[in-house]
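Numbering (the numbering used here), first residue to last: 13 to 210.
Note that beta-carbon positions come from the ideal geometry of N, C-alpha and C, so glycine has one too.
Source: prediction; values computed, not measured.
Encoded as structure tokens, the structure appears first; notes follow it.
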Amino acid sequence: CDLASVILIFRWLREKFTYQIAFLTALLFELSSPLMVHTHKHVMFIIYMPFLITAMWSAEKYLLTEDGKKRLKHRIIMIIAAFLVIMCNYFFAVSALFAVCVFGAATLFGNVDRALMLSRAAGYAVNLLISLFMSAILVVPVMDVIFQNRAASTHPALSTLLTPKFGGVSFLYGFDSIGLTAVFMAAVMFAIIRGSRD
């Protein structure tokens, strides 16, 4: 999963950027602490990653391609990839599909004519709904068990579930951090090297 995710990131970025930028970004992705730690200790946290990247890659192609046959091919790939994200880890599928939705909105904004934007967004939403309905074979029985045991469990307040908790450590290079230290170091090194050439 780790290797497939890095290769997919590299190939996706290689279509838009130079080899050096694609390679450096894929390397930073590989060296991010959450990916490395969970590859070693908790495979369930990263097992869906290749399918998430594939879903975003095919979603971009689906939204921006004008050729009908290519759009159909990318639509099928997107549906299957989003379905596999849910089947691999339905717990993280909510945030993964939310990321796919945000990515789709960002891709549409500024890249597609306003007349086409609504129809493309509707088709995009239908694709994700198809994936969700396909995964009902797994999700519906789990939700049934959750609702049956609901009376015995404690209910935290909705505000505590939806409010993000920020801390200074979460931005640094820690166990579950986003690894900004490595990104900042790479940016500083790039600025120094680029500045010395100019």
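Inter-residue distance for V106 and I205 is about 41 Å (C-alpha atoms, whole angstroms).
In terms of CA proximity to A117, Y74 leads the group Y74, S44 and I19. Along the region 65-120, the beta strand (DSSP E) does not occur as any fully enclosed run of 3 or more residues.
Using a Cβ-Cβ distance cut-off of 8 Å, the region 71-88 and the region 31-49 are not in contact, since fewer than three pairs of beta carbons, one from each stretch, lie closer than that value.
Sequence-distant Cβ neighbours of P62 in its own chain, meaning closer than 7 Å and more than five residues away, are C13, A16, S17 and L20.
Counting along the chain, the unbroken alpha helix (DSSP H) around M146 starts and ends at R126 to M146. Distance from the CA of R26 to the CA of S131, rounded to the nearest whole angstrom, comes to 29 Å.
With respect to the C-alpha of F115, the residue from T66, A127 and V55 having the closest C-alpha is T66. Taking 8 Å as the cut-off, the Cβ atoms of L140 and A94 count as close. A distance below 8 Å between beta-carbons, with the five flanking residues on each side excluded, links A133 to the following residues of its chain, in chain order: G116, A117 and L120.
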